[in-house]
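A.B. asks: Before anything else, here's the structure in question.
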Amino acid sequence: MIATGATALQVAEHHDLPAPRLIAADLTGDQSGTPASLETMIAGTTSWPDGSPERLRAAGAALARLHTVSMGPREHLPFRPRPIAVDDFATDRRLGRMPTTALLQQADALITAHGRPDEPSVYLHGDVWPGNMLWSGNQVTAFIDWKTAGVGALGVDLSELRKQAAITFGPEAPTEVLTGYQQSTGHPAPHVPYWDAVAALNTPTTCWTPTATIRRNNFLKTALQNLP
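Per numbering that gives the first Met the number 0, the sequence shown runs over residues 0 to 227.
See the structure below:
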């Protein structure tokens, strides 16, 4: 993860993307005694005082900037088939390592049968949620915490942010994120229901609060209703 984060920051600097800049990295730990990296500090806050349409659209637009970089897998930036790829809650449920529900089972079966869409590969943050976005006013100054970055379909990031917005701010929030994203790119995002379902499936069966679980489930139901 240290190597992934350091490599991701190098790509971000090369393309002038909103992220900290890498100062140094000791990937083997020979110099510092443990694998480590050092990056610049960026002014801003991760606090979202509200889920206003303006802020949600700004978040979507900022994310679209990352995806202007087309690239394939490289050392320390692997292909990512889902957000936060170090977790695979769908497989854990499938193998009986955690409890499941009828909704999650249905969603997993439908997504498996649908298959991953064939899409261009872009630069991904990998863990896009409000806590990993720095704000100054209503502008995103940086994305932070790049340890699960990689490459893959843009929906990996976009739908993770939509899911997080739905859980945090309610059912209208994902639409605002998508609006901001598509206004920035100038064209519709592909396969949104599929990636929404993938993002929802990559959560624990019971989320951190009852409200979060209900909102996750409603987000997932909407994705399945719109899945071709």
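Backbone N, C-alpha and C fix where the C-beta goes; we use that ideal spot for every residue, glycine too. Predicted model only: the values in this text are computed from it and were never measured.
Report the three-state DSSP secondary structure of Ser36 (helix, strand or coil).
C.D. replies: strand
A.B. asks: What would DSSP say about Gly149, mapped onto helix, strand or coil?
C.D. replies: strand
A.B. asks: Under 8 Å, do Thr3 and Trp145 count as touching if we go by C-beta distance?
C.D. replies: Yes, these two residues count as a Cβ contact at 8 Å.
A.B. asks: Identify which residue in Tyr122, Asp156, Thr167 has its Cα closest to the Cα of Val150.
C.D. replies: Tyr122
A.B. asks: Among Glu171, Leu226, Ala164, which residue has its Cα nearest to the Cα of Pro189?
C.D. replies: Among Glu171, Leu226, Ala164, the Cα nearest to that of Pro189 is on Leu226.
A.B. asks: How many Å lie between Ala57 and Glu74 at the Cα?
C.D. replies: 31 Å
A.B. asks: Go ahead and label Asp156 buried or exposed: buried means 16 or more other beta carbons lie within 10 angstroms of its beta carbon, across all protein chains shown.
C.D. replies: buried
A.B. asks: Under DSSP, the beta strand (DSSP E) around Leu123 begins and ends at which residues?
C.D. replies: 121-123
A.B. asks: Whose CA, out of Arg161, Tyr180, Asn217, Ala148, lies closest to the CA of Arg79?
C.D. replies: Ala148
A.B. asks: Shortest alpha-carbon distance to Pro192 belongs to which of Gly169, Asp29, Thr221?
C.D. replies: Thr221
A.B. asks: With a threshold of 6 Å on Cβ separation, who are the neighbours of Ala165 within its own chain once the five nearest residues in sequence on each side are excluded?
C.D. replies: Ala172, Pro173, Arg214, Phe218
A.B. asks: For Ala23, count neighbouring Cβ atoms within 10 angstroms of its own Cβ and tell me buried if that reaches 16, exposed if not.
C.D. replies: exposed
A.B. asks: Are there 16 or more other CB atoms within 10 angstroms of the CB of His66, so buried, or fewer, so exposed?
C.D. replies: It is buried - the Cβ of His66 has at least 16 other Cβ atoms within 10 Å.
A.B. asks: Residues in the same chain with beta-carbon distance under 6 Å from Phe168, minus the five sequence neighbours each way, listed in chain order, please.
C.D. replies: Gly50
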